[in-house]
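Before any comments, here is the structure.
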Amino acid sequence: MRKAWLPFLLSLSGSYGGALLDFSYGVLERERGEVDASAARFAKAYEADPLAMPLVRIIAAARKKDDRAAAREAYERVVAARPDEPFIALEYGDFLGDVGKGDTLALRKREEIYAKVLEAMPGEYIAIERLIRTARERGDDDRARKLLEKLTTDSEQAVRYYVATTKSLYDSRDEEAAARIDARFSEAMDSHPGWAGIARAASDHFRQSNRLEEAIGILRKHVEVRPSSLDLKIRLGILLLSGKQDEEAVKVLREVLELHPRKALAHESLAKHLRQNGQLTQARSHATELLGIRGGTTEEFLELADELTADGEFRSARILLEKAVFRNPDDAKLMMKLAIAASRDPGKKDSAPRLFREAEAMLENPADMDPAFLLESSKELLAQGQVKAAEERLRNAIRTFPKEAKKETAAAMRTLAGIWISENRNLDAARALISRAEAMGE
110 MRKAWLPFLL SLSGSYGGAL LDFSYGVLER ERGEVDASAA RFAKAYEADP
160 LAMPLVRIIA AARKKDDRAA AREAYERVVA ARPDEPFIAL EYGDFLGDVG
210 KGDTLALRKR EEIYAKVLEA MPGEYIAIER LIRTARERGD DDRARKLLEK
260 LTTDSEQAVR YYVATTKSLY DSRDEEAAAR IDARFSEAMD SHPGWAGIAR
310 AASDHFRQSN RLEEAIGILR KHVEVRPSSL DLKIRLGILL LSGKQDEEAV
360 KVLREVLELH PRKALAHESL AKHLRQNGQL TQARSHATEL LGIRGGTTEE
410 FLELADELTA DGEFRSARIL LEKAVFRNPD DAKLMMKLAI AASRDPGKKD
460 SAPRLFREAE AMLENPADMD PAFLLESSKE LLAQGQVKAA EERLRNAIRT
510 FPKEAKKETA AAMRTLAGIW ISENRNLDAA RALISRAEAM GE
């Protein structure tokens with residue numbers, strides 16, 4: 110592949126001169142690890158074109174360890190020849206800061222360069238940030254404060270820098286400094302409400318200083334001009350919930366989900382709010398979506414599946430558990446719960462026997478079977494005519510259901526009693542089981 114470049118590079122020598130060709134060969138030789146050869150090529154190219162910045166950087170970097178004066182000379186030559194290009198001057202200043210540590214003259218020269226750039230570009234972040242950094246390196250915070258107020262905050266970067274630097278230069282209790290931060294944020298959002306980063310930063314700033322309405326107002330303005338800013342629209346919904354503006358909050362969060370149904374934080378916020386307000390069916394719907402998108406622990410999946418099952422939402426419970434098993438294929442608890450959910454979902458009931466077998470196969474110790482699993486699997490065994498196996502599972506279920514599971518225990522007792530009555534055996538025991546079930550009030 111590299112050899113294929115050679116005819117093209119050779120063709121350049123006539124049009125652009127040998128400097129470009131030597132530079133190109135130097136790059137190739139450097140990639141091959143031929144350090145001395147590439148250095149010679151770069152030096153030759155630099156002699157032919159000492160104003161080419163890629164070559165200036167390479168030569169200065171090569172010389173800075175052994176001959177700092179020569180390294181600086183490479184930059185000074187190009188700065189002198191191209192005085193109207195401030196970015197070259199800034200790069201030279203940065204280079205002096207790198208090589209001039211401990212060299213007072215070099216560091217003074219660096220500051221002079223930055224100051225000249227600032228004269229040419231008044232208020233520009235790129236020069237002021239460097240000058241403030243040099244002032245603070247000397248411990249001159251007063252100089253840094255004066256420079257900061259010259260900053261033109263016409264970019265997100267400049268606004269963020271102004272705020273962060275003000276906070277570091279002034280005491281947190283300085284009311285005048287705090288007012289300046291307020292003003293810069295407000296000015297930025299008035300002139301550029303679509304700046305997402307500043308909208309979030311400004312909103313957080315006002316929220317953290319207990320001005321929730323101002324924080325909400327900033328995000329409202331932002332999403333009006335940038336409806337696609339869904340993450341900040343979610344943030345707006347969350348702040349509206351904090352401000353007890355529930356109706357608007359729910360509307361905003363649902364609008365987000367209409368556009369992007371997989372926004373996990375919107376589902377999470379709605380699930381929490383709806384649950385707190387007793388709208389459990391809707392809350393579970395969002396919680397189900399949340400777990401499907403973000404995943405969760407086995408316990409989170411099982412708890413929500415139990416809620417769905419208790420509310421008769423068998424299909425939703427089964428779909429949720431299918432996602433859980435997909436994420437955790439070796440989790441026997443999830444597989445047992447999936448088998449139960451499938452047995453109760455009319456649309457998937459035919460798959461239940463296979464799922465019960467798969468769940469059993471995952472258990473190293475049959476004693477680890479969940480009592481609810483024992484009860485449901487006994488029904489499948491009865492449907493298949495395996496009465497003895499079903500009877501054994503029902504006995505185990507009755508023994509292992511916790512005391513608070515009265516409804517489930519009573520169901521197992523009645524099912525076992527029904528088997529005995531249908532076979533005309535253990536009739537006294539069957540009647541006793543039915544009496545116990547009735548005594549449970551279930």
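So in this note's numbering, spot 68 of the sequence shown is number 177, and the numbers just go up one at a time. Glycine included, C-beta positions come from ideal geometry on N, C-alpha and C. Quick caveat: nothing in here was measured; it's all calculated off a predicted structure.
- Our two residues, LYS353 and ASP291, have alpha carbons roughly 25 Å apart in a direct line.
- The three-state secondary structure of ARG316, taken from DSSP, is helix.
- Each residue's CA atom was taken as its position, placing VAL359 and LEU374 some 13 Å apart.
- Non-local beta-carbon contacts of LEU257 in its own chain, meaning distances under 8 Å to residues more than five positions away in sequence, involve ILE237, ILE241, TYR271, THR274, THR275 and LEU278 in chain order.
- In this structure, the beta-carbon distance from LEU205 to LYS218 falls below 8 Å.
- With a threshold of 16 other beta carbon atoms within 10 Å, MET298 meets it and is buried.
- Per the coordinates, the alpha-carbon of ALA392 lies some 16 Å from the alpha-carbon of ARG403.
- Close CB contacts of PHE315 within its chain, under the 6 Å cut and outside five residues either way in sequence, are with GLU323 and ALA324 (chain order).
- The C-beta distance from ALA414 to ALA450 rounds to 6 Å, short enough to meet the 8 Å contact threshold.
- Between ALA154 and ALA128 the beta-carbon gap is near 4 Å, inside 8 Å, which marks them as a contact.
- With respect to ALA468, LEU484 sits apart: the two C-beta atoms are not nearer than 8 Å.
- In the three-state reduction of the DSSP assignment, GLY306 falls in the helix class, which pools H, G and I.
- The DSSP-derived three-state label of PHE435 is helix.
- Between the alpha carbons of ALA426 and LEU417 lies a gap of roughly 6 Å.
- ILE343 and ALA492 have their C-alpha atoms roughly 50 Å apart.
- ASP440 carries a coil assignment under DSSP once its states are collapsed to helix, strand and coil.
- Under a 10 Å Cβ-count criterion, GLU156 is classified as exposed, with fewer than 16 other Cβ atoms of the shown protein chains found around its own Cβ.
- Membership of HIS395 in the alpha helix (DSSP H) is indicated by the continuous run 389-403.
- Rounded to the nearest whole angstrom, the C-alpha separation of GLU367 and HIS331 is 19 Å.
- Counting only residues of its own chain and dropping the five nearest sequence neighbours on each side, GLU412 has no CB closer than 6 Å to any other CB.
- Judged by DSSP in its simplified three-state form, ASP250 adopts helix.
- The beta carbon of LEU321 sits closer than 6 Å to those of GLY352, all from its chain and outside the five residues before and after it, given in chain order.
- Take PRO195, set aside five residues on each side of it, and the residues of its chain with a beta-carbon closer than 7 Å to its own are VAL226, ALA229 and MET230, in chain order.
- Judged by DSSP in its simplified three-state form, ALA198 adopts helix.
- Going by beta carbons, TRP529 and ALA520 fall outside the 8 Å limit.
- Per DSSP, GLN385 is one residue of the alpha helix (DSSP H) stretching across 373-385.
- The continuous alpha helix (DSSP H) containing MET471 extends over residues 461-471.
- ASP280 sits in coil when the DSSP states are folded into three classes, being neither helix nor strand.
- For GLU233, the secondary structure class from DSSP, reduced to helix, strand or coil, is coil.
- Straight across, the Cα-Cα distance linking LYS442 with LYS458 is about 19 Å.
- Only residues of its own chain outside the window of five on either side were considered, and among them TRP529 and ILE530 have a CB closer than 8 Å to the CB of LEU536, listed in chain order.
- In the three-state DSSP reduction, ASN505 falls in the helix class (H, G or I).
- Where SER264 is concerned, there is no enclosing alpha helix (DSSP H), because DSSP gives it neither an H nor an E.
- For GLU323, the enclosing alpha helix (DSSP H) stretches over residues 321-334.
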